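Protein sequence lines correspond, in order, to chains A and B.
Taken in order, the first sequence gives residues 1 to 125; the numbers are from this note's numbering.
Taken in order, the second sequence gives residues 126 to 519; the numbers are from this note's numbering.
One structure is given below, encoded as structure tokens.
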Amino acid sequence: MALYSEKVMDHFRNPRNVGFLEDANGVGEVGNAKCGDIMKMYLKIEDDIVRDVKFETFGCGSAIASSSMATELIKGQPVSEVRKLTNKAVAEALDGLPDYKMHCSVLAEEAIQAALEDYENRTNR
Amino acid sequence: MIYADNAATTRMSKTAKKALTEMMDGVWGNPSSLYVHGQKAREALEEAREKIAAAIGAEPREIIFTSGGSEADNQAIRSAAEIGKQKGKTHILSSTIEHHAVLHTLERLQKEGFEVELLPVSEKGMIRPEQVAEAIREDTCLVTVMYANNEIGTIQPIAEIGNICREKQVLFHTDAVQAIGHIPVNVREDQVDLLSASAHKFHGPKGIGFLYARKGVRLTSLIEGGAQERGKRAGTENVPAAAAMAAALEEAVARMPETAARLTAVRDRLIRGLGQIPHAALNGDAERRLPGNVNFCFEGIEGESLLLLLDDRGICASSGSACTSGSLDPSHVLLAIGRVHDVAHGSLRLSIGEDITDAEADQIIRDVKEVVAYLRGFSPIWRDLMAGKKPFIL
Ligand SMILES: Cc1ncc(COP(=O)(O)O)c(C=O)c1O
Ligand SMILES: [Zn+2]
């Protein structure tokens with residue numbers, strides 16, 4: 001038995017949407033170096049739809065996999081749907097995470113919500 | 126596969142396996158039985174005890190078999206605490222970089238009313254003997270300082286500390302789990318009263334170890350029952366494992382000069398190679414270091430992802446990152462030598478074995494360089510560092 005599911009390892013080894021988004025209009029960074037995981041999400045939202053998304057993560061295997069999976073789940077989705085994204089959905093899409101690694105999927109949810117908040121702050125101004 | 130995690134455990138040697146299977150096949154009696162078949166097991170057990178005693182300069186009656194290093198640590202510390210308590214001495218001195226088998230036993234004793242003082246270590250992970258001399262008080266009942274650290278490989282000045290403790294008549298325990306079989310250890314020269322060791326760290330079987338207790342130091346038993354091990358450790362003895370441990374140790378000690386020289390050369394090759402990675406730093410002391418230990422921090426990356434990617438490339442290693450331990454804090458040892466959380470999470474420990482080749486060492490260097498660069502490529506910390514938004518720590 002491996003530590004992680006095949007799905008987690010696939011997203012860890014081949015992270016989707018990894019990198020930096022020059023023209024992002026919503027950026028969220030959560031976590032801190034103290035706990036060992038930091039995630040940064042870049043969103044490009046147009047007409048209330050997430051047209052593009054990229055992430056950067058400093059963290060363990062499940063943090064990287066959770067970020068990757070979360071970006072896949074929200075890409076092309078309307079903002080109203082993205083707002084409903086939960087860490088549970090991310091973990092389930094990864095075929096589960098070990099209990100003590102659930103906090104890494106929470107970060108993915110939080111990073112996306114932080115990026116949405118940033119987007120809203122920018123557009124309301 | 127390149128196995129570079131010998132500090133976690135080692136592969137059993139051929140010699141140890143041979144001793145183990147021979148005992149299981151032929152000498153499987155109970156050493157406490159009076160018939161010849163049982164007494165043969167008794168003889169094998171005592172022979173193992175003699176070999177182990179000889180390997181560390183002790184007398185056979187000063188060795189008791191335990192289930193491993195953790196049990197030996199627990200029993201050594203509890204015994205010294207018990208002796209102290211009877212004399213009204215309840216102050217215990219140790220260090221911040223001990224193994225959890227020591228630290229958690231001390232925490233328990235603290236709850237029971239003992240005063241535990243953990244001496245800080247230097248940036249290199251060293252305790253100075255003077256620190257011990259200054260901290261010993263009238264009511265100090267035990268000094269426990271590990272021989273060599275399991276994470277950063279630092280070798281403590283055990284003989285000097287032993288000398289101070291002997292002079293001040295304070296019991297001295299050392300967790301020598303990482304030292305025994307790797308560097309010369311002699312309990313008389315080092316003046317230690319109690320010493321813990323574990324077979325699986327020197328190519329013996331898992332689940333067996335020993336505790337050396339100098340003649341006259343009364344042990345408290347943790348496991349009550351029969352009168353095995355002079356009444357200090359109940360339970361039918363694991364004779365095959367004891368014999369295998371003794372065989373492994375005898376072999377390790379006989380080969381030590383050769384092995385240590387070879388390991389030290391490869392270790393330093395790895396340290397030189399990995400030291401070329403920008404914003405990386407060696408953890409621990411470059412000289413007073415176990416022959417097989419390499420430990421680095423790489424800024425901007427996290428250790429578990431590094432380990433997983435190295436595993437994909439066939440390299441087994443370890444890290445002190447929080448996410449590998451299941452807690453939120455990185456290694457207490459790295460924090461104790463002053464590594465801040467940011468960089469402590471990005472540590473890599475390689476503990477090589479004597480069968481490693483130079484080509485394998487070079488392979489490790491190449492792979493670590495590539496994986497570190499890859500992970501830095503999408504690390505938000507690294508981006509901030511490179512953009513000058515945060516100063517580099519390493
Ligand atoms: C320094 C040190 N002490 C104690 C132990 C515990 O030994 P064991 O696994 O035999 O209980 C270890 C092994 O992890 C160790 O490295
Ligand atoms: Zn994590």
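Note that the Cβ used here is the ideal one computed from N, Cα and C, for glycine as well.
Just so it is clear, the structure is predicted and the values come from calculations on it, not from any experiment.
Test: residue i CB closer than 8 Å to a CB of chain A
i                : result
Gly513 (chain B) : no
Gly398 (chain B) : no
Glu427 (chain B) : yes
Asp130 (chain B) : no
His470 (chain B) : yes
Phe503 (chain B) : yes
Arg343 (chain B) : no
Ala447 (chain B) : yes
Asp492 (chain B) : no
Whole-Å CB distance - residue i paired with residue j, under 8 Å assumed
i                : j                : result
Ala141 (chain B) : Gly329 (chain B) : 5 Å
Lys44 (chain A)  : Leu21 (chain A)  : 6 Å
Glu29 (chain A)  : Ala114 (chain A) : 7 Å
Ile112 (chain A) : Leu94 (chain A)  : Contact flag wrong, Cβ pair sits at about 15 Å.
Cys266 (chain B) : Gly341 (chain B) : Contact flag wrong, Cβ pair sits at about 15 Å.
Gly417 (chain B) : Leu459 (chain B) : With a Cβ gap of about 19 Å, Gly417 (chain B) and Leu459 (chain B) do not count as contacting.
Ile308 (chain B) : Ala385 (chain B) : 7 Å
Asp492 (chain B) : Arg438 (chain B) : 5 Å
Asn408 (chain B) : Ser476 (chain B) : About 13 Å; that fails the 8 Å criterion.
Any chain B beta carbon closer than 8 Å to residue i
i                : result
Ile112 (chain A) : no
Ile64 (chain A)  : yes
Thr86 (chain A)  : no
Ile49 (chain A)  : no
Gly19 (chain A)  : yes
Lys44 (chain A)  : no
Glu29 (chain A)  : yes
Lys75 (chain A)  : no
Lys40 (chain A)  : yes
Any non-hydrogen atom of ligand 1 within 7 Å of residue i CB
i                : result
Asn311 (chain B) : no
Asn87 (chain A)  : no
Asp198 (chain B) : yes
Ala166 (chain B) : no
Gly323 (chain B) : Reading off the sequence shown, one finds Ser at residue 323 (chain B), where the question assumed Gly. Under cutoff, so the answer is yes.
Gln303 (chain B) : yes
Asp300 (chain B) : yes
Ala390 (chain B) : no
Ser158 (chain B) : no
Gly428 (chain B) : no
Ala201 (chain B) : no
Gly194 (chain B) : yes
Thr226 (chain B) : Per the sequence presented here, residue 226 (chain B) reads as Ala, with Thr not at that position. Checking the Cβ of Ala226 (chain B) against ligand 1 gives yes.
Asn363 (chain B) : no
Close beta carbons around residue i, own chain, < 7 Å, minus the five adjacent residues each side
i                : result
Arg501 (chain B) : Gly425, Ile426, Trp507
His325 (chain B) : Thr134, Thr135, Lys331
Glu434 (chain B) : This sequence places Leu at residue 434 (chain B); Glu is not what is there. Hits under 7 Å: Val496.
Val465 (chain B) : Ile518
Gly154 (chain B) : His162, Gly163, Lys165, Ala166
Ala63 (chain A)  : Asp37, Met39, Thr57, Cys104, Leu107
Chain-order list of residues whose beta-carbon lies under 8 Å from that of residue i (same chain, five-residue window excluded)
i                : result
Glu314 (chain B) : Gly182, Ala284
Residue i: CB within 7 Å of a non-hydrogen atom of ligand 2
i                : result
Ser444 (chain B) : no
Lys54 (chain A)  : no
Lys101 (chain A) : yes
Asp467 (chain B) : no
Cys60 (chain A)  : yes
Gly360 (chain B) : no
Gly36 (chain A)  : yes
Interface residues of chain B facing residue i [CB-CB closer than 9 Å]
i               : result
Thr57 (chain A) : Glu427, Ser430, Phe503, Ser504, Pro505
Interface residues of chain A facing residue i [CB-CB closer than 7 Å]
i                : result
Leu433 (chain B) : Phe12, Gly61
Pro455 (chain B) : Gly36
beta-carbon residue i near ligand 3 non-hydrogen atom, thresh 7 Å
i                : result
Ser247 (chain B) : Of the ligands one can find in the structure shown, namely ligand 1 and ligand 2, none is ligand 3.
Beta-carbon contacts of residue i that lie in its chain and below 6 Å, excluding the five residues immediately before and after
i                : result
Gly19 (chain A)  : Lys54
Gly398 (chain B) : Ile490
Lys40 (chain A)  : Glu29, Glu56
Gly478 (chain B) : Asn131
Arg51 (chain A)  : Lys44
Proximal residues of chain A, C-beta to C-beta of residue i below 8 Å
i                : result
Asp437 (chain B) : Arg13
is_contact[residue i, chain D] using C-beta, thresh 8 Å
i                : result
Arg508 (chain B) : No chain D appears in the structure shown, which is made up of the protein chains A and B.
Chain-ordered neighbours of residue i on chain A, where CB pairs are closer than 9 Å
i                : result
His466 (chain B) : Asn32, Ala33, Lys34, Cys35, Gly36
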